[in-house]
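Structure, as structure tokens:
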Amino acid sequence: MSIILDKVNYVYSEETAYEKQALNQVSLKIEDGEFIGIIGHTGSGKSTLIQHLNGLLKATSGGIYYNGRDIYEEDYDRKELRSKVGLVFQYPEHQLFETTVFADVCFGPKNLGLSRKEAELRAFSALKSAGLPEEYWYRSPFELSGGQKRRAAIAGVLAMKPEVLILDEPTAGLDPWGREEILNQIASMHQELNMTILLVSHSMEDVAEYVKRIIVMNQGSILLDGAPKEVFLHQQKLEAAGLLVPQVTYLMQELKGRGIPVSVEVTTLKEA
Ligand code: ADP
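For the sequence shown, the working numbering gives the first residue as 1452, with consecutive numbering after it.
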């Protein structure tokens, strides 16, 4: 698996009064098995970017290549692309609608045309990978806590067996414990399933500790792209992009590492 973006531009509402360039000359390569954090202040273009990766949005100009193939070629199967690049939207639990969690997770695979048995096998393993205990599988999604619902929704995407999993703000709305739990779960999914994972967040703190590569977005462009340690060297740039001062992240990591509970809530310097 590989994804290449070559000078991708995207303009919303082109040639209207609301015209907005949301992506500006974005070039990057994502390799098989990577665990990447896409970080940026609200409005920096993160959601627009990830919607290009599975073909939901079409670049205004520039190219996107999945496994070396141009996804904008006329005969390219973009429906298949959407199943290979699984996207977990913000607050995915809002899309749970079946009477039980299990039925919900089976919905996607059944829709792919798989037999009931195959769909169920996929649902079993997806729910396990997403870390939802079995006692919740046959309950109504509405009976679950916020963190459990989110796991159920992630399982729904995992059951499609994507090659790449993209999660947009997977910790949104969860308490600090729920956030840590879900991030740990995602990290273990990356290890166990050996899956390429992209984690989108406005919070450096959430992501830096887990991922191996950070792509920092600012005003529709890639500001920095590298290992967390390398990215942290560019403090001024990060501050200018409205992101957390890395020393604070370092300090928090250090305290956590020593088992000292960190209760300060630090996210971004400037809130939107
Ligand atoms: P992020 O995910 O980092 O918050 P987005 O990709 O949602 O950023 O937005 C990037 C820019 O595009 C922002 O300025 C936003 O206001 C604008 N934008 C997003 N969606 C739309 C839309 N549907 N129509 C017009 N502008 C949009």
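Every residue gets a Cβ at the ideal spot worked out from N, C-alpha and C, and that includes glycine. Since the structure is predicted, the reported quantities are computational estimates derived from the model, not experimental observations.
- Apart from sequence neighbours up to five positions away, the residues of its chain that approach Ser1580 with a beta-carbon distance below 8 Å are Ala1606, Leu1609, Met1640, Glu1643, Leu1644, ordered along the chain.
- Between the ligand ADP and Ser1495, a heavy atom-to-CB distance of less than 7 Å is present.
- Taking all protein chains in view, the Cβ of Asp1555 is crowded by 16 or more other Cβ atoms within 10 Å, so the residue is classified as buried.
- For the pair Lys1663 and Leu1675, the CB atoms are not nearer than the 8 Å cut-off.
- The three-state reading of DSSP puts Tyr1587 in helix, counting H, G and I together.
- For Phe1486, the enclosing beta strand (DSSP E) starts and ends at 1486-1491.
- Within the same chain, Val1539, Leu1650 come within 6 Å of Leu1618 by CB-CB distance, once the 5 residues on both sides are set aside.
- Around the CB of Trp1628, fewer than 16 other CB atoms lie within 10 Å, so the residue is classed as exposed.
- When the Cα atoms are used, Leu1507 and Gly1513 turn out to be separated by approximately 15 Å.
- When the Cα atoms are used, Leu1706 and Leu1684 turn out to be separated by approximately 20 Å.
- Counting along the chain, Gln1642 sits inside the alpha helix (DSSP H) bounded by residues 1627-1644.
- Residue pairing by DSSP places Val1477 opposite Val1459 in a beta bridge.
- At a Cβ-Cβ threshold of 8 Å, Tyr1461 and Thr1499 count as neighbours.
- Shortest gap from the CB of Ala1659 to any heavy atom of the ligand ADP: 7 Å or more.
- Secondary structure note for Met1668: its beta strand (DSSP E) is the uninterrupted segment 1664-1669.
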